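Inspection log for the structure reproduced underneath, given as C-alpha cells.
Residue numbers (my numbering): 401 to 700.
Following this line, the structure appears as C-alpha cells:
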C-alpha cells in the first residue's frame, strides 16, 4: 500500500495561513458578546433538548410562581412561571430560536436584495439607478415600525409572514448604504483596467464590485440584526408577530404586562434576553467594522 503524501505547495500553505488567520480573529473577538451570542445560539439550535420543561405545558397549581431565590419560589422553576403556570426559562430558551431564526433570515434576504439593487443601480447608473433609488426613497420615507405594522395587519400574523415583512422593509437601508460604496468602487483604477481589458458589465459587477462590498455588507447585517430582533419583539408585543402558543420574547412581555405589579419576572426576563442579544450584536458589529474596514485597520 502506498503512503498518502502530505499536501505541499503554495496552495496548501495559503489554506493553512488562512485557517490560522481565521482562528486568530476568533480569539481576538470581544469575549462578552461572543459568549452571550454563543449561549443564545446553542439555545436556538438545541432548545428542545435542553429546556427543563415543555414551553407550552400549563400547571395552574404553580401559576405565577416567583424565581427560586424568592419566597414561594422553587428550584423546579428557576426563573418562575407565568399566569398559566408555564416555565419562564423554557419559554425564553425556545424564544431565542424564534428571534434568531427571524433575525438571521431577515438580514440574509434583505442583504441579498439590497446588495443586488445597490450593485445594479450604482454601477449601471442612468434609469436603472434612478428607478432603484426612487423606490428606496419611497420605502425609507415611512417609519420602519409603522410600515411593518401596516403590512403585518394586511398580510396576517405568522413567522414567515413576519420574515417577509421585515425583509421587505429592511432591504432599502442596505441598498442606500451599499450604493455609496459601489459608486466609490466604480471610480477605482482596477475597474477602469477591467473595462479596458474587455470585461463585460456583468463580470465586473460579479467579480470586482460585489466582492469588495462584502465586508461592508457583513458589518451592516450584524448591526441590523439587533434592529430586526427589536422589530420582531415589537410586532409580537402588538400581537402581529409569531402567533401563540409559540413563545416569542415580545409576546411574553405582552402577556406579562397585566401582572407586572405582582409578578415582575414575566416581563423582566424576556426583556433582559432582548437587551443582551441586541447589545451583543451591536458590540460585535462595532468590532467587525474595525476589523474589516481598511481605514480602521490602518489606525490600529
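For every residue, glycine included, the Cβ atom is placed at its ideal position computed from N, Cα and C.
Computed from a predicted structure; not experimentally measured.
Contact the stretch 556 to 573 vs the stretch 528 to 548: 3+ CB pairs below 8 angstroms: Yes, the stretch 556 to 573 is in contact with the stretch 528 to 548.
Report yes if the C-beta distance between residue 387 and residue 454 is below 9 angstroms; otherwise report no. The first residue shown for the chain is 401 and the last is 700, placing residue 387 beyond what the model contains.
Those runs of the beta strand (DSSP E) which lie wholly inside the stretch 641 to 668 and span at least 3 residues: When DSSP assignments are scanned along the stretch 641 to 668, no uninterrupted stretch of beta strand (DSSP E) that is 3 or more residues long falls wholly within it.
Give the secondary structure of residue 487 by DSSP, where H, G and I count as helix, E and B as strand, and everything else as coil. Three-state result, residue 487: strand.
With a threshold of 16 other CB atoms inside 10 Å of the CB of residue 634, please say whether the residue is buried or exposed. Buried, because 16 or more other Cβ atoms sit within 10 Å of the Cβ of residue 634.
Per DSSP, the bridge partner or partners of residue 462: Looking at the DSSP assignment, residue 462 forms no beta bridge with any residue, so it has no partner.
Since I believe residue 458 is in contact with residue 484 (beta carbons under 8 angstroms), could you give me their beta-carbon distance rounded to a whole number of angstroms? 5 angstroms between Cβ atoms; contact.
Pick from 662, 523, 544: whose alpha carbon is nearest that of residue 470? Nearest in C-alpha terms to residue 470, of all of 662, 523, 544, is 662.
For residue 526, count neighbouring Cβ atoms within 10 angstroms of its own Cβ and tell me buried if that reaches 16, exposed if not. Exposed.
Using alpha carbons as the reference points, say which of 673, 433, 494 lies closest to residue 448. The residue among 673, 433, 494 with its C-alpha nearest the C-alpha of residue 448 is 494.
On the criterion of 16 or more Cβ atoms from any shown chain inside 10 Å, does residue 681 qualify as buried, or is it exposed? Buried is the call here.
Close beta carbons around residue 486, own chain, < 7 angstroms, minus the five adjacent residues each side: For residue 486, where only same-chain residues beyond five positions count, the Cβ hits under 7 angstroms are 455, 456, 457, 458.
Under the rule that 16 or more other beta-carbon atoms within 10 Å means buried, what is residue 610, buried or exposed? Label assigned to residue 610: buried.
Enumerate in chain order the residues of its own chain whose CB-to-CB distance from residue 513 is below 8 angstroms, with the five nearest sequence positions on each side excluded. 567, 571, 574, 575, listed in sequence order.
Kindly indicate which three-state DSSP category residue 475 falls into: helix, strand or coil? Residue 475 sits in coil when the DSSP states are folded into three classes, being neither helix nor strand.
Could you check what DSSP says for residue 519 in three-state terms: helix, strand or coil? Looking at residue 519 - three-state DSSP - the assignment turns out to be helix.
Counting along the chain, where does the alpha helix (DSSP H) carrying residue 572 start and finish? That run of the alpha helix (DSSP H) goes 559 to 586.
Quick one: does the C-beta of residue 545 sit closer than 8 angstroms to a heavy atom of the ligand NAD? The ligand NAD is not part of the structure shown, which contains no ligands of any sort.
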